[in-house]
Every structure is written in C-alpha cells, then in structure tokens.
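Single-structure report; data block below.
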Amino acid sequence: MEPNRLSNRTSDCLRSARDFLAAVTIVLFSAAPALVQEPASASLLLHAARVFDGNEMHNGLSVLVKNGRIAEIKPRASFKTDAAMQIIDLGDATLLPGFIELHAHLSYQKIAADTVLKHGITTIRDLGGPVHQPYGGEGDLRVLTSGPIITAPHGYPIVNLGAANIAIAVAGEEEARAVVRSLIDQGAVVIKIALEPGGETGAPWSSHHGHAHHDSAHAGPHGAQAASHSPAAWPMLPEAIVKAIVEEAHRHRRKVSAHVAETSGVRIALNAGVDEWAHMPCDAIPESLLKQAKAQNVIIIGTLDTLSKCAGITRNAAIWAELGGELLYGAEIAHPDIPWGIDAQELMLMMHMAKMELPDALRAATAKAGQHLGVPLLGTIQPGAPADLIAIQGNPAQHLKRLEYPGLVISGGRIVVNHFVSAD
Ligand SMILES: [Zn+2]
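Quick note on numbering that gives the first Met the number 0: the sequence shown kicks off at 0 and runs consecutively.
Structure follows, in structure tokens:
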C-alpha cells in the first residue's frame, strides 16, 4: 500500500480498511486448524478397480504415493513391493483426486475444516471471508482465499450480512486499487467483488428483503430483457471502479471473480473485463451477453444447487453449455442445504442443467479446478501431484452420492479417513 500518494479522505478509508484487515487476520490465526491425523508414511501403494486421474477413468491402475506426492500411476502388476511399503487394496472401488470446492465461505460461517476434508473436499477456495496466505494440504484442508468481498458502500453483502469478516466497501478507484493491493499482499489468490442489486426470484439472498422482483421469469428464449431496477435496489460498484479493480488485480497476476446474478451486474462485469462469475446467474441473462461472456473466456462457477430455485438458472446453464462455456465446480459450502463436503447434487445438476457427462463434471471438480487455481498438478493423479485422494466403493456412475461420504480421504499423503480394510 502507498498511502502517501492518496488524498486524506482516501487515507481515512484506507486506515479503516487496514484495521479491518488486521482484525480479520488475527481472527484467522486464532482459528487456524491443527489437524494432522497420521504421519505421512514413506510410501503408500493403493490398488483400486478404477482410477479417475482428474481427466479420464482407468481400469486396473495402481497409485504409489511418496513423501506427500503421487510418485507413480501404472498397472498393478508392474509395481514391485517391499516390506517398508504400506499397501491398501481398495478392491471394487474408485480412486479419485480430492475435490476442489471453488466457492465456499468457511471462516464466515465457522465451519470446521476437518468436517469438509473428511467429506472429500481436500482444497477449498474461500470466496469471502478473512484474508490469509494459502495454508493446509498436509493432512488438513488446503484453504486459499479471496479475503473479504469488495463492494459498494451499503452494497451486498454488507446490507444484509454486515461487513465483519465478509466484505469491504470502497467508494473510489484509488481506494479500490489500494484495497486490491493490500488483499494480495496478505495472501488473496483471487479478488472477489459483488455486483448485486438484490431481488432475484429464488436466490437465497433474496429471501429476507422486500425488493421488487426482476422480471426474469418472463424473459423469452432469447431473454433480451434488462433487469428492472427498483428504487430500493442495493447500490453496486460502478463500472469505472470495477475496471480499476480488474486492472490492479491483473497487474498483480490475480483474476477477479464477481458475484453476479442478474443482467445489470453481468453487464458491468463484462464491460470491466471480470474473469469469472462466482455463480451461474439466477435471473435469465440475455443470450447476447452469455455469448459475449464466452467470447471473453469468462469462467463460471456453478453453485447450481444453492440457486436451483432461481427463475433463470436452468436456462442460463443450458445456453452456457450450448455455447461451450467453461463451468467449474463450486457448491457454496456454508449456504443453507449445502453439505459440508462434496455436494453430489451439484454434480447431478451440472449433468442435468448443463448437459455434462459424469467425467466432465468430475474434471470440473478436480483437474480443471486445480488448473484454474494455478496450483501445479492439483486435482490430478499423476507423478508430482499433491497426494490428495479420495475413494468410494463401487463406481460413481452408479453411486454418485457415495462421494459425499468417501471411505478413504488422503491429504498430502496423510490418511485422514480410511474405512477400507488394509492389506498390510
Ligand atoms: Zn458466495
């Protein structure tokens, strides 16, 4: 941060922003998990009938883990075993990379990290909560964060949730740039903003306030309809500030993720060059804007389950799929009715609404999600990848819900859960 270059008014705002960030950092360190379950064994050999390696399903391959990383993946018969090696034969099971949840609010809702880990999520990206450096991944949940959500004064989510530990308001471009730099200094891997006027029918954030509803339910197949603005709409960041945020984030090689749920927020996000939408929008979005998003290589994080009552969600997801747009896995852990772990319903909706095949949905929660986070090989089972693994009995094609309570969870080579019988 360079406060000497800023006006007094901005400096005041910055001071409060700094105090806020310092406060949340303290909260974070006092709440940091200390979870290591079992020391990493020198080498661990896993046999399973099926291995999904983050990209493809294979039969008859086994996986060797050494020093917290995947060492080898090859046919079972080609492994030479030795007495020092721990061997687990999973039998008729499917081994997969630990899942990556790209939209969670773990700290804000004080959800226990080990609960999430034991239910198959080995990495989360917290998209609104205290800022901190990435941590975990060695027997504990790997947590990356955006830090607090940048929004307009009195904007969402401050207007309904307050600002503490979840959001930070900015009123000008220089102030916004300074907040972006400060968050990145403190460990933010992505910058999260909110562009939410409120009132979308079916959205969880619409349930406790009385805005006029948008007309999305009546949008035609091409949805060429702007959102209606009630006078009571929550204030949103103007395009100029969002452009400044995007420019500053990109200068520091960070992407910007926007909470968008209706047309006016989508328009601002597109005009400002926002990289990612943190949700499939709730209201029906004009097809021309979805096409523009695809042309700008926007990535959308689903959160289809928590938004499944939204008027436009199925239509938006179907159009996005037809356009070939990228949809990644995020269920929004902390939202009502979302399990604290893998959400099989999210995967089902990715298949039903966005016409994905099961391997596409699994890729979106593993290899593609890891690539999106920029952590080398995360979400894959290949030599050199972090040994974050889960296993379920049988085949997820027949037993998708079993992913919600895997029989084996390994984080950084350390066994966190094992309900399979060990052969050693
Ligand atoms: Zn969220």
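No residue lacks a Cβ here, since even glycine has one placed at the ideal position from N, Cα and C.
Check	Outcome
Reduced DSSP category for residue 1 - H, G, I as helix; E, B as strand; rest coil	Caution applies to residue 1, whose pLDDT of 36 falls short of 50 and renders its modelled position unreliable; the value that the coordinates give is listed next. The answer is coil: DSSP assigns residue 1 none of H, G, I, E or B.
CB of residue 331 within 9 angstroms of CB of residue 302, strictly	yes
Contiguous alpha helix (DSSP H) assignments of at least 4 residues, all confined to the segment 355-397	357-364 and 366-372
Distance between beta carbons of residue 190 and residue 248, contact taken as under 8 angstroms	4 angstroms
Start and end residues, alpha helix (DSSP H) containing residue 315	312-322
Local conformation of residue 269 per DSSP, three classes	helix
Residue 101 CB to nearest heavy atom of ligand 3 below 8 angstroms	By its list of ligands, the structure shown excludes ligand 3, since it contains just ligand 1.
Straight-line gap, residue 183 to residue 143 (C-alpha atoms, nearest Å)	12 angstroms
Touch test, the segment 95-115 against the segment 50-57, Cβ-Cβ under 8 angstroms, three pairs minimum	yes
Run of the beta strand (DSSP E) containing residue 61, from where it starts to where it stops	60-65
Residue 144: CB within 8 angstroms of a non-hydrogen atom of ligand 1	no
For residue 181, the first and last residue of its enclosing alpha helix (DSSP H)	172-184
Close beta carbons around residue 394, own chain, < 7 angstroms, minus the five adjacent residues each side	49 and 93
Nonlocal neighbours in the same chain, by C-beta distance under 8 angstroms from residue 452, ignoring five residues either side	As displayed, the chain neither begins before 0 nor continues past 423, which places residue 452 out of reach and without an answer.
Own chain, CB closer than 7 angstroms to residue 441, minus 5 neighbours either side, in chain order	No information on residue 441 is available, as it lies outside the stretch 0 to 423 that the chain covers here.
Assumed close pair residue 281, residue 260 - CB separation to whole angstroms, cut-off 8 angstroms	4 angstroms
Spatially closest choice to residue 322 from 334, 291, 128 and 141, by CA coordinates	291
Where the beta strand (DSSP E) through residue 46 begins and ends	42-46
Separation of residue 235 from residue 178, as counted between CA atoms	17 angstroms
Status (buried if at least 16 other CB within 10 Å, exposed otherwise) for residue 264	buried
Residue 126 beta carbon near ligand 1 (any heavy atom closer than 8 angstroms)	yes
9 angstroms Cβ cutoff met for residue 346 and residue 306	no
Residue 283 beta carbon less than 9 angstroms from that of residue 324	no
Element boundaries [beta strand (DSSP E), containing residue 240]	Per DSSP, residue 240 belongs to no beta strand (DSSP E); it is in the alpha helix (DSSP H), 238-250.
Helix, strand or coil at residue 149 [DSSP, three-state]	strand
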